[in-house]
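Report on one structure; see the data block that follows.
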Amino acid sequence: MHTTQITLLPALKLSVEEARTLTISSERLEVLQVLIDYVQSKVKSGEELVLNFICTHNSRRSQFSQIWAQTAADYFGIPASCYSGGVEVTAFNERAVESIKRAGFRVSKKGEVNPTYFVFHSDDAEPVVAFSKLFDDAINRTNRFAAVMTCAHADENCPFIPGTENRIPVRYEDPKAFDDTPEEASKYDERSMQIASEMFYVFSQITSSN
1106 MHTTQITLLP
1116 ALKLSVEEAR
1126 TLTISSERLE
1136 VLQVLIDYVQ
1146 SKVKSGEELV
1156 LNFICTHNSR
1166 RSQFSQIWAQ
1176 TAADYFGIPA
1186 SCYSGGVEVT
1196 AFNERAVESI
1206 KRAGFRVSKK
1216 GEVNPTYFVF
1226 HSDDAEPVVA
1236 FSKLFDDAIN
1246 RTNRFAAVMT
1256 CAHADENCPF
1266 IPGTENRIPV
1276 RYEDPKAFDD
1286 TPEEASKYDE
1296 RSMQIASEMF
1306 YVFSQITSSN
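Residues 1106 to 1315 in the numbering used here are what the sequence shown lists, from first letter to last.
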C-alpha cells in the first residue's frame, strides 16, 4: 500500500483526484504495462530510475508527460528522475503552460525566447524545470534511461537514441490540432488529464523494494 510522500498544492490535488477517476481503456493499459514493467524492474533492483519523454518539438505532449510523471513519482514516494526532449528545439507551448496552470501547478517563468518554466506541484519538492530542448541536452541524463516516445513522428523518425536502455512507445494525440479553435483550452486540458491519469496509474502499480 502506498503512502503519500508529498502534499500536492490544493488545486492540483483536486485535478489529480479527478484524473484518477478517468477510465483507461484495455488497449492503453497494454501500452502502459511496458512502462510499468520497466519502472518496477528499476525499483526492485534498487537502480536509479530515469525516464526521458521524447516528442518532436518538446513543446506539448512530452512536457505534459515529464511534469505529470515526476508529480506521480513524487506523490507515491518512488525515486525517479523524469526528463523530456525532442529532435527540434522550439518552446514549451504557451497553451500547454496555461493548461498546467489550470490543473493547479504553480508556474514561474524566466526568459522570453524558449523561456524556462519552473513548475511546482508541492511546497515540499523541487520544481520541474521545463523548456524545449533536444533529447540529449546537457540537462538530461544521456545513459541508462528509458526513452518514452510520446509522439508517432519522433518514434518513427528517430530510430536510434544513444544511451537508452529501453525504448517505450506511449503515444498521445497532439492537442496542436485544436490551436486557435473554440475547443483549444478544453482539448489541451483533456490531453493533460489523460496523461495525468495514465502516469498516476503507472506509478500506483509500483511496489516498493522495501
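Where is the CB? At the ideal position from N, CA and C, for every residue including glycine.
Open item on the list: By alpha-carbon positions, which one of F1181, R1296, V1148, Y1222 ends up nearest to F1283?
Closed with: As a first step, residue 1283 must be located in the sequence shown, where it is residue number 178. The alpha carbon of F1283 has as its nearest neighbour, out of F1181, R1296, V1148, Y1222, the alpha carbon of R1296.
Task: Reduced DSSP category for P1274 - H, G, I as helix; E, B as strand; rest coil - done: Position 169 of the sequence shown, counted from the first residue, corresponds to residue 1274. Three-state DSSP puts P1274 in a strand.
Open item on the list: Using C-beta distances below 8 angstroms, list every residue in its chain close to M1106, excluding the 5 sequence neighbours before and after it, in chain order.
Closed with: The sequence position of residue 1106 within the sequence shown is 1, counting from 1. Because the pLDDT at M1106 is just 49, under 50, the model does not fix this residue reliably, and the value given afterwards should be weighed accordingly. Closer than 8 angstroms at Cβ, skipping near neighbours: no residue.
Open item on the list: In this structure, how does DSSP classify L1154 when only helix, strand and coil are distinguished?
Closed with: Working through the sequence shown from its first residue, we reach residue 1154 at position 49. Here L1154 sits in coil by DSSP.
- [ ] Decide if F1197 is buried, meaning its Cβ has at least 16 other Cβ atoms within 10 Å, or exposed.
- [x] In the sequence shown, the residue the question calls residue 1197 occupies position 92. Looking at its Cβ environment, which holds 16 or more other Cβ atoms inside 10 Å, F1197 is buried.
Task: Three-way DSSP call (helix, strand, coil) for K1147 in this model - done: Here the question's residue 1147 lines up with position 42 in the sequence shown. Three-state result, K1147: helix.
TODO: For the beta strand (DSSP E) containing V1194, list its first residue and its last residue.
DONE: Numbered from its first residue, the sequence shown carries residue 1194 at position 89. Counting along the chain, V1194 falls outside any beta strand (DSSP E), and DSSP gives it neither H nor E.
Open item on the list: Using CA atoms only, rank isn't needed, just tell me which of N1245, E1199, V1275, K1118 is closest to F1210.
Closed with: Along the sequence shown, one-based indexing puts residue 1210 at 105. Out of N1245, E1199, V1275, K1118, K1118 has the C-alpha closest to the C-alpha of F1210.
Task: Cβ-based neighbour list, P1232, same chain, cut-off 7 angstroms, excluding 5 preceding and 5 following - done: What you label residue 1232 is simply residue 127 of the sequence shown in a count that begins at 1. Answer for P1232: F1223, V1224, F1225, listed in chain order.
Task: DSSP bridge partner residues for G1190 (one or two, in chain order) - done: Position 85 of the sequence shown holds residue 1190. I1159, per the DSSP bridge assignment.
TODO: Decide yes or no for the touch test of the stretch 1295-1314 against the stretch 1162-1178: beta carbon pairs closer than 8 angstroms, at least 3 of them.
DONE: yes
Open item on the list: Does the stretch 1111-1129 come into contact with the stretch 1151-1164, if we say contact requires no fewer than three beta-carbon pairs (one atom in each stretch) closer than 8 angstroms?
Closed with: no
Task: C-alpha gap between L1239 and T1128, whole angstroms - done: Here residue 1239 is taken as the residue at index 134 of the sequence shown, counted from 1. Here residue 1128 is taken as the residue at index 23 of the sequence shown, counted from 1. Answer to the nearest angstrom: the Cα atoms are 33 angstroms apart.
TODO: Give the straight-line distance between the Cα atoms of E1303 and L1137, rounded to the nearest whole angstrom.
DONE: Locating residue 1303 in the sequence shown gives position 198, counting from the first residue. Locating residue 1137 in the sequence shown gives position 32, counting from the first residue. One C-alpha to the other measures close to 8 angstroms.
TODO: Rank I1205, V1253, A1208 by C-alpha distance to the C-alpha of E1270 and give the top, closest one.
DONE: Translated into positions along the sequence shown, residue 1270 becomes position 165. Residue V1253 is the option with its Cα nearest to E1270.
TODO: Report the rounded CA-to-CA distance for I1244 versus A1174, giving the unit in angstroms.
DONE: For the purposes of this step, residue 1244 is identified with residue 139 of the sequence shown, where counting begins at 1. For the purposes of this step, residue 1174 is identified with residue 69 of the sequence shown, where counting begins at 1. In a straight line, the C-alpha of I1244 is about 17 angstroms away from that of A1174.
Open item on the list: Does L1127 come out as helix, strand or coil in the three-state DSSP assignment?
Closed with: One-based indexing of the sequence shown puts residue 1127 at position 22. Of the three classes helix, strand and coil, the one that applies to L1127 here is coil, per DSSP.
TODO: Please go through the same chain and pick out, in chain order, the residues whose beta-carbon is closer than 7 angstroms to the beta-carbon of I1111, but skip the five residues on each side of it.
DONE: To locate residue 1111, count along the sequence shown from 1; it is residue 6. Here the set comprises D1179, Y1180, S1227, D1229, A1230.
Open item on the list: Taking the alpha carbon of C1256 as the reference point, which residue from A1185, G1268, V1275 has its own alpha carbon closest?
Closed with: Residue numbering aside, residue 1256 sits at position 151 when the sequence shown is read from its first letter. Measuring from the Cα of C1256, the nearest candidate turns out to be V1275.
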